[in-house]
Structure formats: structure tokens, C-alpha cells
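Asks: In numbering that gives the first Met the number 0, the protein residues as written are 0 to 144.
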Amino acid sequence: MLLAGMPSSASAAEAGIQAVGNQLRNEQTGLCLDSDAKGNVYTKDCAWDKHNAYQQWSYLYDASRDEFRLRNVQTNRCLEANSGDGVITAPCSDHNIQKWTESAYNGAWIIKSVYNGRALDSNAKGQAYTSPWGTGNPYMRWWIQ
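(1) What residues in its chain sit with their C-beta under 7 Å from that of Asp33, if we drop five residues either side in the sequence?
(2) Judging by CA-CA distance, which residue of Gly125, Trp142, Trp108 is the nearest neighbour of Trp132?
(3) Using three-state DSSP, classify Ala52 as helix, strand or coil.
(4) Taking 8 Å as the cut-off, does the region 45–52 touch the region 80–98 (at least 3 CB pairs, one atom from each stretch)?
(5) Let me know if Asp65 comes out buried or exposed under the rule of 16 or more other beta-carbons within 10 Å of its beta-carbon.
(6) What is the C-beta distance between Leu69 and Cys45, in whole angstroms, given that I count them as a contact (C-beta under 8 Å)?
(7) Counting only the same chain and skipping the five closest in sequence on each side, list residues whose C-beta sits under 6 Å from that of Ala18.
(8) What's the gap between the Cα of Ala36 and the Cα of Arg76?
(9) Please classify Asn105: is it buried, with 16 or more other beta-carbons within 10 angstroms of its beta-carbon, or exposed?
(10) Identify, in the order they occur along the chain, each residue of the same chain with its Cβ nearer than 8 Å to the Cβ of Trp56, setting aside the five sequence neighbours on each side.
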């Protein structure tokens, strides 16, 4: 999730993007993280004008723990990982199931669940889920735009 001009050593949350919505574009598929009012999470073609609020995500950063929640701008629901590989959105809470950390990898970001230690992942079919963390999987690398 690299912003133009942002040093690669800065975390996504430290980059000053907590208060605004940004698209999360998958490095491998080029699709953006999207959701709906029912809590489903998936990836779709990125809105070129960035006016699709269902593809806009705000960072709610907790500096004391170096963790964040991802809140969908349209639904005001937060991204949540379960004990398996599923991801949904649900009303925002302070539960670990909605907390994430990130690791930089070659200019992109790997977003990891605090709850299950798995990374946000997707595929070309538009499915979003979590997988065991590993830097060799380009489907779990994300860019901020």
C-alpha cells in the first residue's frame, strides 16, 4: 500500500491516512477490496474515479499497540477475520477479530490479522479471505491508492 512519495519504511497507518478513505488494490489481480451493506467482502474492478465508497477504507489506528481497524467508508463497518479463512465486515468494535497489523514488502503491504495471524488475501475470481502469512504470495500484497 504505497502512497506516492511516501517513504517505504513508514507504516501505512503512520502515513496519515487514518481519517480518509483509500482504495486497497491487490498487487497481483489489480482488483480493489470491496464490500456491501450485508457484510460481504470481495474484490472488484477499482473505480477509476475513486468515487465508489464501498471501495474506500479508513484506518482507525491504535498507536499504543501499532494496530489498526479498517472501516468501510460507505457502510461504517469494520473488516473482520474469523478463526478460519473468512473475512466479513461487522459493526466496529474493539475486539481483536477486527484488528490488523501490516508489514512492508517491496513497496506493497501485507495486512495481517491480530486475531488469527493470517494475511488478507484474494484471487482473480474476486474472493477475499485470509491465508497463512508469507511474503512469497503476491495475492496477499496490497497497495493504497
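Note that CB positions come from ideal geometry on N, CA and C, so glycine has one too.
Replies: Reading from the atomic positions:
(1) Closer than 7 Å at Cβ, skipping near neighbours: Tyr41, Thr42, Lys43, Tyr53, Gln54.
(2) Trp132 has its Cα closest to that of Trp108, out of Gly125, Trp142, Trp108.
(3) helix
(4) no
(5) exposed
(6) In fact, because the Cβ distance is near 16 Å, the residues do not count as touching under 8 Å.
(7) Reliability fails at Ala18, whose pLDDT of 45 lies under 50, so the model's placement of it is uncertain and the value that follows must be treated cautiously. Closer than 6 Å at the Cβ level, and outside the excluded window around Ala18, lies no residue.
(8) 8 Å
(9) A residue is called buried when at least 16 other Cβ atoms come within 10 angstroms of its Cβ; Asn105 does not meet this threshold and is exposed.
(10) Gly20, Asn21, Gln22, Leu23, Leu32, Leu69, Arg70, Asn71, Val72, Leu78
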